[in-house]
Amino acid sequence: MSGLRSDEENQGLVTEVKKQQPEQPRYGPMAYASLALLAVQNCSAVLIMRWTRATPGQNDYNTQTAVVMQEVLKTAVSLVLVLWERGEISSTFRNVPELLKTSVPALLYLVQNNLQYVAISNLNAATYQVTYQLKILSTALLSVCLLGRQLSRRKWAALVVLTVGVAAVQLSELGDHHKTAGGGNGILGLSATILATLSSGCAGVYFEKILKSRSDLTLWQRNVQLGLYSILIGLSALAPQRAVIRDAGFFAGYTRLTVVNLAVQSLGGLIIAVVIKYADNILKNFATSLSIIGSVVFSALFLGQSLSWLFLLGVACVNYAIALYASGG
Numbered sequence: 001m002s003g004l005r006s007d008e009e010n011q012g013l014v015t016e017v018k019k020q021q022p023e024q025p026r027y028g029p030m031a032y033a034s035l036a037l038l039a040v041q042n043c044s045a046v047l048i049m050r051w052t053r054a055t056p057g058q059n060d061y062n063t064q065t066a067v068v069m070q071e072v073l074k075t076a077v078s079l080v081l082v083l084w085e086r087g088e089i090s091s092t093f094r095n096v097p098e099l100l101k102t103s104v105p106a107l108l109y110l111v112q113n114n115l116q117y118v119a120i121s122n123l124n125a126a127t128y129q130v131t132y133q134l135k136i137l138s139t140a141l142l143s144v145c146l147l148g149r150q151l152s153r154r155k156w157a158a159l160v161v162l163t164v165g166v167a168a169v170q171l172s173e174l175g176d177h178h179k180t181a182g183g184g185n186g187i188l189g190l191s192a193t194i195l196a197t198l199s200s201g202c203a204g205v206y207f208e209k210i211l212k213s214r215s216d217l218t219l220w221q222r223n224v225q226l227g228l229y230s231i232l233i234g235l236s237a238l239a240p241q242r243a244v245i246r247d248a249g250f251f252a253g254y255t256r257l258t259v260v261n262l263a264v265q266s267l268g269g270l271i272i273a274v275v276i277k278y279a280d281n282i283l284k285n286f287a288t289s290l291s292i293i294g295s296v297v298f299s300a301l302f303l304g305q306s307l308s309w310l311f312l313l314g315v316a317c318v319n320y321a322i323a324l325y326a327s328g329g
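Take 1 as the starting number for the sequence shown in UniProt numbering and just add one per residue.
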């Protein structure tokens, strides 16, 4: 009897330990479908931007107005989806505390953009591209701290390999001039880059936290809130250029290709919201990494771009990182 009691006690102890362990996230078909869509969208966006840069007369528009219009399109589609699922939009703005929560990631993205400008102004392109890939690790670290996510040693190793792989792919696309050219305050540039990666990770993880929290607000209502904040921030950034915009026109220099580019970028914003809701920011980084590789391969096949050994090394690292992360438990 004592032996039987001991076995029962041991079994109960094992059960209790399992209950105490945090449950690992489980992803459904929506998560994997949205990740695949994000990879395709990101790849398409990069290729369209390259096509735009290579086509004469396609870069004559104000990029800041394009950022605002991108947010306007994304918010408009989100509003339509809110009306479709709720039949009204007033509940999106009724809960002031919840409305204020969404301002946090918008402000963090603003901080990130300003820090990136400081970083690029003080570092050469190679140093910036490599250092900025630390956002992959900062996102994972913040997911552990803010969301209580558990990552095994194997998954951490996979994320380090992914960071190295993406950095190698990005470096492979830079010319020799960009790898060495640069000036300014190196310490300031590195500090700004690291802070930008933290701001990026914190914004994404915090938005994931509020999307997955218990709330009456839907995914698209949150997207509307974030979009409106982003539009206000974008318009405020246009204030110093108001005289130029008034004379030339808000849509000066826009072409059909510009509109296509805006539509694809806006679609990306919608897909990212779905990815964060049904998957997470860490998997989002894997999807965007694959899209970077896809865009370079496409450019090599159809645009005559050559593939360097550094790119092939980066591809190998990314593929190994995906396999390692998937087997990480």
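Glycine included, each C-beta is placed from N, C-alpha and C at the ideal position.
Distances from the alpha-carbon of Y325 to those of E85, L151, S90, M30 put L151 closest.
In the displayed model, I136 falls within a helix according to three-state DSSP. Counting other Cβ atoms within 10 Å of its Cβ, D60 stays below 16 and is therefore classed as exposed. A straight line joining the alpha-carbon of G189 with that of Q170 spans about 18 Å. For R154, the enclosing alpha helix (DSSP H) starts and ends at 153-172. Excluding residues up to 5 positions away in sequence, A167, L171 lie with their Cβ nearer than 7 Å to the Cβ of V130 in the same chain.
For C317, the CB contacts under 6 Å within the same chain, skipping 5 residues up- and downstream, are V161, V164, G165 in chain order. Using a Cβ distance threshold of 8 Å, L174 and A126 count as a contacting pair. C-alpha of A273 to C-alpha of Q41: approximately 13 Å in a straight line. The region 127-146 and the region 238-248 do not touch, with fewer than 3 CB-CB distances between them shorter than 8 Å.
Per DSSP, the continuous alpha helix (DSSP H) segment holding P97 begins and ends at 96-101.
A distance below 7 Å between beta-carbons, with the five flanking residues on each side excluded, links A237 to the following residues of its chain, in chain order: Q64. Membership of Q221 in the alpha helix (DSSP H) is indicated by the continuous run 219-238. Excluding the 5 residues flanking it on each side, I120 has same chain C-beta neighbours closer than 7 Å at Y128, in chain order. Between I194 and L159, the C-beta gap is not smaller than 8 Å, which leaves the two residues out of contact. DSSP places D247 in the uninterrupted alpha helix (DSSP H) bounded by 242-248. Judged by DSSP in its simplified three-state form, R256 adopts helix.
Looking only at A106, R50, T288, the smallest Cα-Cα distance to F302 is reached by R50.
Taking V68 as the centre and dropping the five residues before and after it, the same chain places the C-beta of I231, G234, L235, L238 closer than 8 Å to its C-beta, in chain order.
Shown here for N185: same chain residues with a beta carbon closer than 8 Å to its own, the five before and five after excluded, namely N122 in chain order. Counting other Cβ atoms within 10 Å of its Cβ, Q112 reaches 16 or more and is therefore classed as buried.
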